[in-house]
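**Q** Have a look at the structure that comes next, please.
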Amino acid sequence: MRSEQEVNAAIERYSDTIKRLCMIHLKNYTDTEDIFQTVFLKYVLSSVCFENEEHEKAWFIRVTINACRDLIKSFFRSRTVSIDEILNLPYKLPPDNREILEAILSLPSKYKDVVYLHYYEGYTAVEIGKILRKNVNTVYTLLTRSRQMLKEKLGDIDYE
Amino acid sequence: MSNIKETFNKIHAEEELKIKTKAFLAQKTDNYKKRRITFKYQTAAIMACLFLFVLSAGGLKLYFTPTSVISIDINPSVELGVNVFDRIISVKGYNDDGNELADLVNVKYTNYKYGLEELINSQTVTQCLSNNGSLSITVAGSNQKQCNDILTNAKDCTSGHQNAYCHMADYSQIENAHKCGLSVGKYMAYLELEALDSSITPEDISGMTMREIRDIINSYSSQNTYYQSDYCNESHQGHKNGHHDNR
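Top line first, the protein sequences correspond to chains A and B.
With the numbering used here, letter number 1 in the first sequence gets 251, and the count goes up by one each step, no holes.
With the numbering used here, letter number 161 in the second sequence gets 231, and the count goes up by one each step, no holes.
Quick look at the structure:
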């Protein structure tokens, strides 16, 4: 079991990443809370030795995405809200950011992860393939299609 | 127009969410003391498992160690191994008829009282008895109290049969009997006969019925000199309660 200091440091380091992943997958705050608890409890109890910070971050991303998928698949999950409600959450986004976020959230689930990981976290297709355990060519395809879909919704934007 | 990076940069985990998560983890891990508790529990669990293992290994050894043997000889020669819990843990035939009878009756792991009744009332034994066979039940073992109980029970079981004899043998004779390839009961008869005729061998005895052995002994002497008081005391009452002394 990891120490309290170690866990608190990880919460400070990775909370934003987890929050963003929850944001694109989940539809309410309570579910986000559940994911935070699940992911960090796994971290506390995990005996994985991370080679470096990048390895640790990739672990958090993979565990969070899997936890989100499990929660979505959960039979008992009935708490759903609209995208509008998500965008009304505490952070006040300017209209431009809101439009982009809305477009990303409207993408099918399989595209959201690659968009976030590539355009925000800066991972390459090969790295995304390793994190999501997907074929690199599949990742390339997902990236191309998601770019097309975003272009349809947002027009030409600066992705980087 | 804003880009994707800038949009996500504006999303942060709320402090409240972090605080709640920290509180949840502290509660779940008993303030991060779980390692020590887990270690204690692990040690206790390992010790408990070891204890159970030793206990069960000891229990199994105890269960499968015979403390007494009951030798049932007429023509079939069958020996029952009885454990400290009065359960039959082995049924061994000492001749072809004995093997057949051992296969026929299903008395393993049952109480010896039930086993004795089953064997004595089996068709093979009752037929032999009705053909003037001589039934010998010999009890030997390391647990004297248990042997006495078994002997008493065997006498009760045979009280309705004529030509049935129950007696005790010395524990040390079990090994000697098995070395000769004989059941304890037949070995005791062999010793008795050997005292009268030194030319007799265990091989000669193994092929004979108890009636044949008794007849030879009787031809040498009308008085048994080998068997101890159990049989002798019983022999006088034999006629009254079904036991006969015409060995």
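Backbone N, C-alpha and C define an ideal beta-carbon position, used for all residues, glycine too.
1. Of the residues Tyr164(B), Asn165(B), Asn191(B), Asp166(B), which one's Cα is nearest the Cα of Val175(B)?
2. Can you confirm whether Asp266(A), when its beta carbon is compared against all beta carbons of chain B, has any partner nearer than 8 Å?
3. Going by DSSP, which residues form a beta bridge with Asn153(B)?
4. Per DSSP, Ile158(B) is paired with what?
5. For Tyr235(B), write down the residues that DSSP places opposite it in a beta bridge.
6. Grab me the residues of Cys198(B)'s own chain with a C-beta within less than 6 Å of its C-beta, minus the 5 sequence neighbours each way, in chain order.
7. Should Ile261(A) be flagged as near chain B, meaning a C-beta pair shorter than 8 Å?
8. Using the beta-carbon of each residue, which ones in chain B are nearer than 7 Å to Arg270(A)?
9. Whole-angstrom Cβ separation of Gly203(B) and Asn233(B), contact assumed at under 8 Å?
10. Ala375(A) to Ala127(B), Cα distance in whole Å?
11. Using the beta-carbon count (16 or more within 10 Å), is Thr225(B) buried or exposed?
12. Run through chain A and tell me which residues come within less than 7 Å of Thr91(B), C-beta to C-beta.
13. Helix, strand or coil for Ile311(A), going by three-state DSSP, please let me know.
14. How about Val294(A) and Trp309(A): do their beta carbons lie closer than 8 Å?
15. Could you give the DSSP three-state label for Asn169(B): helix, strand or coil?
16. Using 8 Å as the threshold, is the C-beta distance between Ile261(A) and Phe290(A) below it?
17. Check whether the Cβ atoms of Val389(A) and Val365(A) sit closer than 8 Å, and answer yes or no.
18. For the putative contact between Val139(B) and Ile244(B), defined by C-beta atoms under 8 Å, what is the C-beta separation to the nearest angstrom?
19. Please say whether Tyr370(A) and Phe78(B) have beta carbons closer to each other than 8 Å?
20. Decide if Tyr179(B) is buried, meaning its Cβ has at least 16 other Cβ atoms within 10 Å, or exposed.
21. Please check if any C-beta of chain B sits within less than 8 Å of the C-beta of Leu321(A).
22. With a cut-off of 8 Å on the beta carbons, I'd call Ala210(B) and Asp240(B) a contact; round off their distance for me.
23. With DSSP run on the structure shown, which of helix, strand or coil describes Ser147(B)?
24. Measure the beta-carbon distance from Tyr133(B) to Phe109(B) and round it to whole angstroms, keeping in mind my assumption that it falls under 8 Å.
25. For Ser253(A), which of helix, strand or coil comes out of DSSP?
26. Any idea what DSSP makes of Asn218(B), helix, strand or coil?
27. When we look at the beta-carbon of Phe286(A) and count the other beta-carbons within 10 Å, is it buried (16 or more) or exposed?
28. List the residues that DSSP assigns as beta-bridge partners of Gly211(B).
29. DSSP three-state call for Gly163(B): helix, strand or coil?
30. When we look at the beta-carbon of Ala93(B) and count the other beta-carbons within 10 Å, is it buried (16 or more) or exposed?
31. Quick one: using the 10 Å Cβ neighbour count with 16 as the cut-off for buried, is Leu385(A) buried or exposed?
32. Which class does Glu84(B) belong to by DSSP, given the choice of helix, strand or coil?
33. The ligand HEM and His82(B): does any heavy atom of the ligand fall closer than 7 Å to the residue's C-beta?
34. Let me confirm a value: Pro344(A) is counted as buried when at least 16 other C-beta atoms fall within 10 Å, else exposed. Which label applies?
35. Mind reading off the beta-carbon distance from Ser253(B) to Ser141(B)? Whole number of angstroms is fine, and I expect it under 8 Å.
**A** Reading from the atomic positions:
1. Asn191(B)
2. yes
3. Pro136(B)
4. Val152(B)
5. Ser206(B)
6. Ile144, Asn145
7. yes
8. Phe78, Ile81
9. 7 Å
10. 58 Å
11. Checking the displayed sequence, the identity of residue 225(B) turns out to be Lys instead of Thr. Lys225(B) comes out buried.
12. Ile261, Phe286, Gln287, Phe290
13. helix
14. no
15. helix
16. yes
17. no
18. 6 Å
19. yes
20. exposed
21. no
22. 7 Å
23. strand
24. Their Cβ separation, rounded to whole angstroms, is 35 Å, which puts Tyr133(B) and Phe109(B) out of contact at 8 Å.
25. coil
26. helix
27. buried
28. Ser138(B)
29. strand
30. exposed
31. Per the sequence presented here, residue 385(A) reads as Asn, with Leu not at that position. The residue in question, Asn385(A), is exposed, as its Cβ has fewer than 16 Cβ neighbours within 10 Å.
32. coil
33. Absence of the ligand HEM is noted for the structure shown, with no ligands found whatsoever.
34. exposed
35. 4 Å
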